[in-house]
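These notes concern the structure reproduced below.
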Amino acid sequence: MTKEVQKVMEQFNLSEDDYMHIYRNSVNAAFTDEATKSQLLAN
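Straight run, no breaks: the sequence shown in numbering that gives the first Met the number 0 ends on number 42.
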């Protein structure tokens, strides 16, 4: 993870599971095609 993500997790007291839940929801709600969403979720 990047230092920025680590700082967000610390600032908001998020576990890695919490962060990943937010990330997955963000990707799924993004205005982009399914191929891009699949790529983002695979990483």
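Virtual Cβ for every residue (Gly too), placed ideally from N, Cα, C. Values in this document were obtained by computation on a predicted structure and should not be read as measured data.
Over the uninterrupted alpha helix (DSSP H) stretch that includes residue i, give me the two end residues.
| i | result |
| --- | --- |
| Ser25 | Glu15 to Ala28 |
Should residue i be listed as close to the ligand NAD, given that the test is whether its C-beta is under 7 Å from any heavy atom?
| i | result |
| --- | --- |
| Tyr22 | The model on display carries no ligand, and the ligand NAD is accordingly not part of it. |
Run through DSSP, which three-state label would residue i get?
| i | result |
| --- | --- |
| Asn35 | For clarity, residue 35 is Thr in the given sequence; the question names Asn instead. Looking at Thr35 - three-state DSSP - the assignment turns out to be helix. |
Considering only their Cβ atoms, is the gap separating residue j from residue i smaller than 8 Å?
| i | j | result |
| --- | --- | --- |
| Met8 | Tyr22 | no |
| Val26 | Leu39 | yes |
Can you list, in chain order, the residues of its chain with a C-beta nearer than 8 Å to that of residue i? Leave out the 5 residues immediately preceding and following it.
| i | result |
| --- | --- |
| Leu4 | Contrary to the premise, residue 4 reads as Val rather than Leu in this sequence. The residues are Tyr18. |
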